[in-house]
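Structure record follows, encoded as structure tokens.
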Amino acid sequence: GAVVSQHPSRVICKSGTSVKIECRSLDFQATTMFWYRQFPKQSLMLMATSNEGSKATYEQGVEKDKFLINHASLTLSTLTVTSAHPEDSSFYICSARVQGGEKLFFGSGTQLSVL
Amino acid sequence: QKEVEQDPGPLSVPEGAIVSLNCTYSNSAFQYFMWYRQYSRKGPELLMYTYSSGNKEDGRFTAQVDKSSKYISLFIRDSQPSDSATYLCAMSAASGTYKYIFGTGTRLKVLA
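Here is the structure:
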């Protein structure tokens, strides 16, 4: 299957700092990438849909100024959590849809802990 | 009513058992169906992908889609302790928005 690389896998930061998470499709082009948040023992919560070369589409209740998404190329999307606070602590996962197809592949996730 | 319903479990089975995992859905426009396996603190891994109705087999895994009943299943034969994970169903209508709807996931534990 296609490989999606997500970095970092774990980050611990102080309250008020910004954290950037990268999501790369290694062996395919992804016109669409998705960002999710997952709380312990719960399912995936879609945060936003990231389209290459255009603005991301955010789900209701997700602050676009808080969670900045940039999809600068067909293989890279980034999520920046700005001015992180303890309530932003969570597991963040990206996924990428293979261009021209329907299969969705996931990154390995990033555990964010804000102190 | 949720678009996709999935029993959260947990489901505990002995090693070697046949496991049946299921999802029901309400949107008849769904055409693409996927099953993912997720280990704790890892990203979901695509196990099975099916378009429209029918069966698909891959090793110990069989995916079934019954669009008339709006019901999909994943069967795991000869289950192993390494199959212990959360299994998520997902589906898409491919209407142009490419929105994927996920089930809540079923936690499976295979006992040695």
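For the protein sequence lines, the chains are V and A, in the order given.
Oh and the first sequence: position 13 is 13 in our numbering, straight run, nothing missing.
Count along the second sequence starting at 1, add 1000, and that's the number in our numbering.
We put the beta carbon where it would ideally sit given N, CA and C, even for glycine.
At a Cβ threshold of 8 Å, is V:Gln6 touching chain A? Taking Cβ atoms only, chain A reaches closer than 8 Å to V:Gln6, which makes this a yes.
Can you pull the chain V residues whose beta carbon is under 7 Å from the beta carbon of A:Ala1085, in chain order? Those within 7 Å of A:Ala1085 in chain V number zero; the least Cβ separation is about 13 Å.
Give the residues of chain A in contact with V:Glu102, contact being defined as C-beta atoms less than 8 Å apart. Close partners of V:Glu102 in chain A (Cβ separation under 8 Å): Tyr1032, Tyr1049, Tyr1051, Ser1092, Ala1094, Tyr1098.
Straight-line CA distance for A:Glu1015 to V:Val4? If you take the alpha carbons of A:Glu1015 and V:Val4, they lie about 31 Å apart.
May I have the straight-line CA-CA distance separating V:Lys55 from A:Ser1026, to the nearest angstrom? So the two alpha carbons sit approximately 31 Å from each other.
In chain V, what lies closer than 8 Å to A:Arg1141 by C-beta? With chain A running from 1001 to 1112 in the structure shown, residue 1141 of chain A is simply not present.
Could you tell me whether the Cβ atoms of V:Leu79 and V:Phe91 are closer together than 8 Å? It is not a contact, given that the beta carbons lie outside the stated cut-off.
Buried/exposed call for A:Pro1044, threshold 16 Cβ in 10 Å: Around the beta-carbon of A:Pro1044, 16 or more other beta-carbon atoms lie within 10 Å, marking it buried.
Can you check DSSP and say which residues form a bridge with A:Tyr1025? A:Tyr1025 is bridged to A:Val1004.
Since A:Ile1018 and A:Ile1076 are thought to touch, with beta carbons under 8 Å apart, how far apart are those beta carbons, to the nearest angstrom? Correct: roughly 7 Å between the Cβ atoms.
Quick one, which of V:Asp65, V:Ser95, V:Thr32 has its alpha-carbon nearest V:Ala72's? Closest in alpha carbon position to V:Ala72, among V:Asp65, V:Ser95, V:Thr32, is V:Thr32.
Please name the residue in V:Val114, V:Gly101, V:Leu74 whose C-alpha comes closest to that of V:Ser25. Shortest Cα-Cα distance from V:Ser25 to any of V:Val114, V:Gly101, V:Leu74 involves V:Leu74.
Compare the C-beta of A:Pro1014 against all C-beta atoms of chain V and say whether one is closer than 8 Å. No, A:Pro1014 does not count as interfacial toward chain V.
Cβ separation of V:Ile69 and V:Ala48, assumed to be a contact under 8 Å, to the nearest whole Å: A Cβ-Cβ distance of about 5 Å is found for the pair V:Ile69 and V:Ala48, placing them in contact under the 8 Å criterion.
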